[in-house]
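The opening position of the sequence shown corresponds to residue 77 in this note's numbering, with each subsequent residue numbered one higher. All C-beta atoms in this analysis are idealised placements derived from N, C-alpha and C, irrespective of residue type, glycine included.
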Amino acid sequence: FPALVLLHQCGGLGSGLWQNLSMLDWARQGVAQGYVVLLVDALGPRNVDSVCMGPKSGVHFGRGAKDAYQAAEHLRTLPYVDPQRIGLAGYSWGAMVGLLASSKSVAQQVKTPFSAIVAFYPGCFTLRPANGSPYELIRPDIGTPLLVLMGAEDTETPAAECVQKLEPVRASGAPIEFHVYPDTTHCFDCKNLDGFTKTDSRGNRVLYRYSETITTDAGKRMFAFLGTRLGSGGR
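Rendered as structure tokens:
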């Protein structure tokens, strides 16, 4: 079987008080489509509650990329997984990890890169670590087929910033596809966060609106994209 690594948003998979239902649903959909699915928890085992306001306890985008690649290496040890057909789907924080992992210079640090990466509503702004130099998640050397799905009304990770940076890289020949949904906010697949509001790490006022219609369409686009690059799920 082909396999799929799933990487969550900045709030993780949940705690004793709540569960990230959107990530559980994506995992179920992946299995229904015939994929072996590995849902990574980058926060819980490290006793980190959230990285929504920035890195915490060593959990940053580079660490997330390493987690994703190690997850793929684990999947390759399973006898029922095709080691050459492993994709990554990331959401918000996980999507930003996906952007980083799509870079050739990052992927060359591992034996085998992902066959395809899907990024749901990532942030594409310049990152400015407290200790270190500013850097971009969208790099000119994107080599892994990449699909980016975004909402036009997303004030937390604005789609316009992504489009502005994705277009010239795609024009240079990078294997990039993207789609912007009109009238759609950040976390459009987060049913249990419908109506949630907050002020984000950049001081933006954020509202999440769940959309079953957009979520369904995004799933169709994701699995069509993965199917083209990873082949049939085998069911």
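Nearest-angstrom Cα separation, counted from residue j out to residue i
{"i": "residue 305", "j": "residue 192", "result": "7 angstroms"}
{"i": "residue 272", "j": "residue 289", "result": "19 angstroms"}
{"i": "residue 203", "j": "residue 147", "result": "25 angstroms"}
{"i": "residue 301", "j": "residue 294", "result": "10 angstroms"}
{"i": "residue 104", "j": "residue 150", "result": "20 angstroms"}
{"i": "residue 310", "j": "residue 267", "result": "A caution first: residue 310 carries a pLDDT of 49, below 50, which makes its placement in the model too unreliable to give a value."}
{"i": "residue 245", "j": "residue 79", "result": "27 angstroms"}
{"i": "residue 297", "j": "residue 136", "result": "28 angstroms"}
{"i": "residue 201", "j": "residue 217", "result": "17 angstroms"}
{"i": "residue 189", "j": "residue 139", "result": "16 angstroms"}
{"i": "residue 176", "j": "residue 133", "result": "20 angstroms"}
{"i": "residue 185", "j": "residue 280", "result": "35 angstroms"}
{"i": "residue 116", "j": "residue 84", "result": "7 angstroms"}
Chain-order list of residues whose beta-carbon lies under 6 angstroms from that of residue i (same chain, five-residue window excluded)
{"i": "residue 215", "result": "179"}
{"i": "residue 219", "result": "180"}
{"i": "residue 159", "result": "152"}
{"i": "residue 174", "result": "164, 166, 193, 195"}
{"i": "residue 205", "result": "none"}
Candidates the options, of which the one nearest residue i by Cα
{"i": "residue 241", "options": "198, 302, 129, 263", "result": "198"}
{"i": "residue 88", "options": "128, 112, 102", "result": "128"}
{"i": "residue 130", "options": "230, 169, 109", "result": "169"}
{"i": "residue 142", "options": "132, 118, 162", "result": "118"}
{"i": "residue 121", "options": "90, 113, 107, 94", "result": "90"}
{"i": "residue 98", "options": "252, 303, 124, 264", "result": "264"}
{"i": "residue 102", "options": "183, 126, 82, 95", "result": "82"}
{"i": "residue 223", "options": "208, 251, 230, 213", "result": "251"}
{"i": "residue 237", "options": "212, 249, 248", "result": "212"}
Buried/exposed call for residue i, threshold 16 Cβ in 10 Å
{"i": "residue 291", "result": "buried"}
{"i": "residue 145", "result": "buried"}
{"i": "residue 232", "result": "buried"}
Residues near residue i in its chain [Cβ-Cβ closer than 8 angstroms; skip 5 each side]
{"i": "residue 270", "result": "284, 285, 286"}
Contact set for residue i: own chain, Cβ-Cβ below 7 angstroms, skip 5 residues either direction
{"i": "residue 299", "result": "109"}
{"i": "residue 228", "result": "235, 256, 257, 258, 259, 260"}
is_contact[residue i, chain C] using C-beta, thresh 9 angstroms
{"i": "residue 181", "result": "No chain C appears in the structure shown, which is made up of a single protein chain."}
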